[in-house]
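These notes concern the structure reproduced below.
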Amino acid sequence: MVCEQAPECLSRSVAVPLPDGMESLNSGEAVLKTAKWKVGSWLPCSNQCGSGVRTRKVECNSGVEDDCAMNSKKPRSSESCTEYHGCKYETSSWSKCSSRCSTGTRTRRVECSGARCMGRRPRSEESCEGHDDTCDDCEVTVFGNDNFTAKGSWSLQFGPGEYSAAELEYRGAKCDDVSSIEIVGPLCKMTVFEYGDFNQEHKGWQAEFSEGKHSPKELVAAGAKNNDISSFKVVKEDAPATRTTTEAASEEDVSGPWYDDKPAGRTTRTPRRKSLDDMTDDAEKWQAEVERKHLDKHGNRSGAVVSAATAVMVTLALTLW
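Each position in the sequence shown, counted from 1, maps to that position plus 162 in the numbering used here.
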């Protein structure tokens, strides 16, 4: 049995669309005319703080890479990259103020998380106002016989004031048997004298001591001889005046807008130049000031404009220099 084909099928042709870059020949066979590589956009770098890799899509428009490879080399689909936008400054906690009862400084560690951090570097040091719990204390303990102990001997405590030989004797101190002294309070000072009248009528030695424990050897080293302290004065000094908020705010930011890309071994950083916007702002401010002064003096705007233009040129020249 033979299957017959419908008469209309013998004369009908069907047009089949071909892929891009392909054409049909008279024989109906599809051949490659021009195969081209299709390249996509680069994806973000795999590392936003340092070295990484970025990739993109590369394919042949015919769907067969060998077709494009016959005409040109395949573009790379990956490459190394370096980014710093993700690098951040890391800071530690502030240290304790260097001064317990006055203006001092405090510090902290500032490090870049990568090879380079963009933008302004945070301060690593700033001023501070110290006020320890002991700032208001001022107490002196005088020990006899034994070193820093009243066992088998005596000890007396004194606050700010002047203590003559008579006063010490009244309180039970033995002037020729002072072995050691302890002073509490960072602003507390003690001056000891050889004679009971604070050396006013008799010339003798005197010695000064500040906060801490002072042993017999330290007493002698400071000038207090033979354990013979006949009188002394205890003074609580005033704390140094603290700075106002305005003074603290006006302090220059020495950290500056630095980049952390200094070569190895280099200990200084180079500040960034002013931007063009900054220079333009400076020039415009100077221009307005010159024009205002000229109008106040001459009432002639044209002359003010000329003077202002000159000021702008000078400002830009000096800033760029």
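Glycine is no exception: its CB is placed at the ideal position from the N, C-alpha and C atoms.
Considering only C-alpha positions, which residue in the set the options is nearest to residue i?
| i | options | result |
| --- | --- | --- |
| Arg216 | Asn223, Ser208 and Cys222 | Ser208 |
| Gly276 | Ser213, Glu227 and Phe355 | Ser213 |
| Pro361 | Glu324, Cys350 and Leu349 | Correcting the residue identity first, residue 361 is Asn in this sequence and not Pro. Asn361 has its Cα closest to that of Glu324, out of Glu324, Cys350 and Leu349. |
| Cys350 | Lys375, Val397 and Gly266 | Val397 |
| Glu329 | Asn388, Ser392, Cys290 and Arg282 | Ser392 |
| Lys379 | Ser342, Phe305, Cys249 and Cys230 | Ser342 |
| Gly292 | Phe305, Asn307 and Cys259 | Cys259 |
| Phe305 | Glu399, Val346, Lys336 and Ser224 | Lys336 |
From what residue to what residue does the beta strand (DSSP E) around residue i run?
| i | result |
| --- | --- |
| Cys243 | Ser240 to Glu245 |
| Trp123 | Beyond the ends of the chain as shown, which are 163 and 483, falls residue 123; an answer cannot be given. |
| Cys222 | Val220 to Cys222 |
| Ser341 | Val340 to Val346 |
| Thr351 | In the sequence as presented, Thr is not what sits at residue 351; that position holds Lys. Run containing Lys351: Cys350 to Phe355, per the beta strand (DSSP E) assignment. |
Note the first and the last residue of the continuous alpha helix (DSSP H) segment covering residue i.
| i | result |
| --- | --- |
| Val382 | Pro378 to Ala384 |
| Cys274 | Here Cys274 belongs to no alpha helix (DSSP H); instead the beta strand (DSSP E) covers Val272 to Cys274. |
| Cys230 | Glu227 to Ala231 |
| Arg333 | Ala327 to Arg333 |
For residue i, count neighbouring Cβ atoms within 10 angstroms of its own Cβ and tell me buried if that reaches 16, exposed if not.
| i | result |
| --- | --- |
| Gly321 | exposed |
| Leu205 | exposed |
| Pro237 | exposed |
| Glu273 | exposed |
| Asp423 | Residue placement at Asp423 is poorly supported in this model, since its pLDDT is 43, which falls under 50; the coordinates are not used for a value here. |
| Gly358 | buried |
| Met352 | buried |
| Ala386 | buried |
| His247 | exposed |
| His364 | exposed |
| Thr408 | A caution first: Thr408 carries a pLDDT of 43, below 50, which makes its placement in the model unreliable, though a value can still be read off. Exposed, since its Cβ has fewer than 16 Cβ neighbours within 10 Å. |
| Glu356 | buried |
| Ala197 | buried |
| Arg435 | Because Arg435 sits at a pLDDT of 46, beneath the cut-off of 50, its placement in the model cannot be relied upon, and the following sentence gives the value as read from the coordinates. Exposed is the call here. |
| Gln319 | exposed |
| Ala383 | exposed |
| Val226 | exposed |
Throw me the rounded Cβ distance for the residue i and residue j pair, which I believe falls under 8 Å.
| i | j | result |
| --- | --- | --- |
| Glu245 | Cys279 | That pair is no contact at about 12 Å. |
| Cys263 | Asp294 | 6 Å |
| Glu373 | Pro348 | 5 Å |
Can you determine whether any heavy atom of the ligand GTP sits closer than 7 Å to the C-beta of residue i, and answer yes or no?
| i | result |
| --- | --- |
| Tyr325 | Of ligands this structure carries none, so the ligand GTP is not represented either. |
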